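J.: In our numbering, the protein residues as written are 204 to 553.
Virtual Cβ for every residue (Gly too), placed ideally from N, Cα, C.
This structure is a prediction, so every number in the text was calculated from the model and none was measured.
This is the structure I want to talk about, given as structure tokens.
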Amino acid sequence: MIQKQVNMNKILIFFLAMLCFFSCNTEEQTAVASSKAERPEYAMVIHGGAGTILRKNMTEEKDKEYRDALTQALEIGQKVLAEGGSSIDAVQKTINFMEDSPLFNAGKGAVFTNAGLNELDASIMYGKDQNAGAIGGVTNVRNPINAARAVMEKSEHVMLTGKGAEEFSKKQGLEIVDPSYFKTERRWKSLQKAKENEEDMGYEIQVLNEDYKYGTVGAVALDKEGNICAGTSTGGMTNKRYNRIGDAPIIGAGTFADNTSCGVSATGHGEYFIRYTVARDIAAMMEYKGSTLEEAGEYIINQKLVEKGGSGGVVALDKDGNIAMPFNSEGMYRGYVTPTQKVVKIYKDE
Ligand code: ASP
Numbered sequence: 204m205i206q207k208q209v210n211m212n213k214i215l216i217f218f219l220a221m222l223c224f225f226s227c228n229t230e231e232q233t234a235v236a237s238s239k240a241e242r243p244e245y246a247m248v249i250h251g252g253a254g255t256i257l258r259k260n261m262t263e264e265k266d267k268e269y270r271d272a273l274t275q276a277l278e279i280g281q282k283v284l285a286e287g288g289s290s291i292d293a294v295q296k297t298i299n300f301m302e303d304s305p306l307f308n309a310g311k312g313a314v315f316t317n318a319g320l321n322e323l324d325a326s327i328m329y330g331k332d333q334n335a336g337a338i339g340g341v342t343n344v345r346n347p348i349n350a351a352r353a354v355m356e357k358s359e360h361v362m363l364t365g366k367g368a369e370e371f372s373k374k375q376g377l378e379i380v381d382p383s384y385f386k387t388e389r390r391w392k393s394l395q396k397a398k399e400n401e402e403d404m405g406y407e408i409q410v411l412n413e414d415y416k417y418g419t420v421g422a423v424a425l426d427k428e429g430n431i432c433a434g435t436s437t438g439g440m441t442n443k444r445y446n447r448i449g450d451a452p453i454i455g456a457g458t459f460a461d462n463t464s465c466g467v468s469a470t471g472h473g474e475y476f477i478r479y480t481v482a483r484d485i486a487a488m489m490e491y492k493g494s495t496l497e498e499a500g501e502y503i504i505n506q507k508l509v510e511k512g513g514s515g516g517v518v519a520l521d522k523d524g525n526i527a528m529p530f531n532s533e534g535m536y537r538g539y540v541t542p543t544q545k546v547v548k549i550y551k552d553e
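Here is the structure:
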């Protein structure tokens with residue numbers, strides 16, 4: 204009787220073990236299969252800056268203007284990617300459109316320095332070989348992201364600044380404009396407001412963006428070949444001086460891309476993004492800790508950066524086409540596109 208019971212137990216244990224083996228295996232296979240099935244053919248995510256962007260401060264027209272511009276920007280990148288173009292081309296063309304739009308703080312419509320100039324910063328990084336290019340403080344290159352790309356592809360350097368970057372851009376045949384091209388009334392007024400506030404507050408190095416909106420632009424794309432590219436372009440922060448350069452052209456701070464983890468483009472208070480190597484940290488959490496893109500983005504932007512007092516956000520996508528757009532400010536102009544989705548958002552509650 205006892206022997207019979209033991210045998211029955213053995214059979215039961217064997218049966219349970221087999222059940223577990225098959226069900227665990229099936230689950231694993233399903234996970235792999237579904238992640239393969241879910242990976243979009245291509246994807247792109249963009250931002251047009253983060254900051255105090257509140258519904259109550261927005262008119263219906265302004266809201267629509269931004270949404271239309273973000274949608275158009277996404278469609279430009281989507282066309283490149285859908286036709287099998289590279290993520291580098293998608294990022295460059297999308298950013299070119301945003302640089303040419305006076306709505307954003309990049310290219311035309313860039314914010315003013317304390318001296319009443321527009322000094323532009325940009326960078327681009329390719330996740331396939333981690334090649335990168337950046338320019339800082341240029342005053343006459345119409346599309347700074349093109350100069351960053353030229354540094355990446357046509358020079359042996361990663362970062363050029365000031366007069367040298369302008370000379371290099373001219374030699375590369377990029378479009379050079381009179382510095383007055385970048386001026387918009389709206390940004391000029393922001394500078395005057397910042398200067399008044401500065402007098403009130405008595406700071407010498409006070410920098411301020413209109414209503415603390417940042418307005419930098421950025422894009423991260425994943426092409427059909429699985430290559431990630433990230434790029435960022437900006438006028439920096441209103442009332443900046445002493446040739447201040449922010450995070451946008453700093454690889455690892457404002458921009459980062461690696462095919463094995465993710466691509467990131469940032470916007471926000473640049474000094475914090477530089478000090479805490481925000482873009483690279485998100486990729487590093489994925490690389491070394493095995494975090495998902497969402498976990499890494501949430502931790503770095505909504506936990507660590509908040510603790511450190513840095514405001515802003517990032518847009519990011521990983522090698523499987525997962526998308527994250529975390530930010531800790533009131534709002535962030537943002538959106539993404541895949542073959543089946545096109546999404547544009549502005550405020551925190553959407
Ligand atoms: N991050 C930029 C900078 O600090 C500003 C922005 O995002 O608008 O230069």
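At a cut-off of 6 Å, is M301 close to ligand 1 when judged by its beta-carbon and the heavy atoms of the ligand?
T.: False, no ligand heavy atom lies under 6 Å from that Cβ.
J.: Check whether the Cβ of M440 lies closer than 6 Å to any heavy atom of ligand 1, and answer yes or no.
T.: Result yes, Cβ under 6 Å from ligand 1.
J.: Under three-state DSSP, which class holds V481?
T.: Correct three-state label for V481: helix.
J.: Which value, in whole angstroms, describes the spacing of the CA atoms of R447 and E241?
T.: R447 and E241: Cα-Cα distance of roughly 43 Å.
J.: Do you know offhand how far G471's Cα is from T274's?
T.: When rounded, the distance between both Cα atoms is 22 Å.
J.: How long is the line joining the alpha carbons of K311 and Y539, rounded to whole angstroms?
T.: Spanning the two alpha carbons is a distance of roughly 23 Å.
J.: Are there any heavy atoms of ligand 1 lying less than 6 Å away from the beta-carbon of A451, as far as the coordinates show?
T.: Under cutoff, so the answer is yes.
J.: May I ask whether a heavy atom of ligand 1 can be found less than 6 Å away from the beta carbon of T342?
T.: No.
J.: S436 and P529: beta carbons closer than 7 Å?
T.: Not closer than 7 Å, so no.
J.: Should S326 and V344 be called a contact, given that it needs their Cβ atoms to be closer than 7 Å?
T.: Not closer than 7 Å, so no.
J.: Looking at ligand 1, does it come within less than 6 Å of T480, judged from the CB to the closest heavy atom?
T.: Not so, every heavy atom of ligand 1 lies at least 6 Å from the Cβ.
J.: Is there contact here, the region 358 to 366 with the region 376 to 388, by at least three beta-carbon pairs under 8 Å?
T.: Contact between the region 358 to 366 and the region 376 to 388 is absent, because fewer than three Cβ pairs lie under 8 Å.
J.: Would you grab the beta carbon distance between V518 and V314 for me? Rounded to a whole angstrom, and I think it's under 8 Å.
T.: Their Cβ separation, rounded to whole angstroms, is 20 Å, which puts V518 and V314 out of contact at 8 Å.
J.: For a test of your reading of the model: does the CB of Y384 fall under 6 Å from any non-hydrogen atom of ligand 1? Yes or no.
T.: The answer is no for Y384.
J.: By the three-class DSSP mapping on this structure, what secondary structure does K522 have?
T.: In the structure shown, K522 sits in coil (DSSP, three-state: anything other than H, G, I, E or B).
J.: Residue ranges of each beta strand (DSSP E) run of no fewer than 3 residues wholly in the region 364 to 445, ordered along the chain?
T.: Fully enclosed beta strand (DSSP E) runs of 3 or longer: 420 to 425 and 431 to 437.
J.: Exposed or buried, V467, counting other C-beta atoms within 10 Å across all chains shown (16 or more means buried)?
T.: Per the 10 Å Cβ criterion, buried.
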